[in-house]
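Accompanying notes for the structure given below.
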Amino acid sequence: MPDRKIWVLVIEDSSPSRMLIANQLHKKGFEVICAEDGEQAIEIIKYCTPDCIILDILMPKMHGHAFLSWLRERTQSLPVIVTSAIENQPDLVATIKKLGITGWISKPINPIEITKRIMKAVEPDSETSEANSDATASTNHEPKEESKKE
């Protein structure tokens, strides 16, 4: 099977942070889709399935916790890496971890660390050195063939 790009959905309400993460991942060879909140992410996931999700927790409209609950009702296998600066709230952190996250990265985000975490999440057997190469995987997560009904 030919190698395919790794698709990452970045869910972040801060436009500068979202663009910074997206640009960093794009430079490392990832295909990136962005959403500014959980509601927008749900609409994206209805039509394409990413290989990994980068999720901010504190967002308007639909909090990251609510989005993660929605996602876990549908799938347990999609890797989710949480990015946040809320480590000083142990109850919230514990609740989010119980929902099944793949990892946690504190802000500000280190581009090398996030690349390593994504590669480990989508290719658990990959070596750390592979995180610095082009982000490819042998999974197929092309956009879904469904069309939105009016």
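Take the sequence shown: its letter number 117 is residue 122 in my numbering, and every next letter is one higher.
For glycine and all other residues, C-beta sits at the position ideal for the given N, C-alpha and C.
The structure presented is a predicted model; accordingly, all values stated were derived computationally and were not measured.
Could you please give me the residues that DSSP links to residue i through a beta bridge?
i           : result
residue 75  : Answer is none; residue 75 lacks a bridge partner.
residue 40  : 16
residue 60  : 16 and 87
residue 110 : 88
I think residue i touches residue j, with their Cβ atoms under 8 Å apart; what is that distance to the nearest whole Å?
i           : j          : result
residue 76  : residue 69 : Incorrect: roughly 10 Å between the Cβ atoms, too far for contact.
residue 59  : residue 88 : 6 Å
residue 38  : residue 14 : 5 Å
residue 120 : residue 33 : 5 Å
residue 66  : residue 44 : 5 Å
Grab me the residues of residue i's own chain with a C-beta within less than 8 Å of its C-beta, minus the 5 sequence neighbours each way, in chain order.
i           : result
residue 19  : 61
residue 113 : none
Apart from the five residues just before and just after residue i, which ones in its own chain have a Cβ nearer than 6 Å to its Cβ?
i           : result
residue 108 : 86 and 122
From what residue to what residue does the alpha helix (DSSP H) around residue i run?
i          : result
residue 97 : 95-103
**Message:** For the pair the segment 98-114 and the segment 44-53, tell me if three or more CB-CB distances fall below 8 Å.
**Reply:** no
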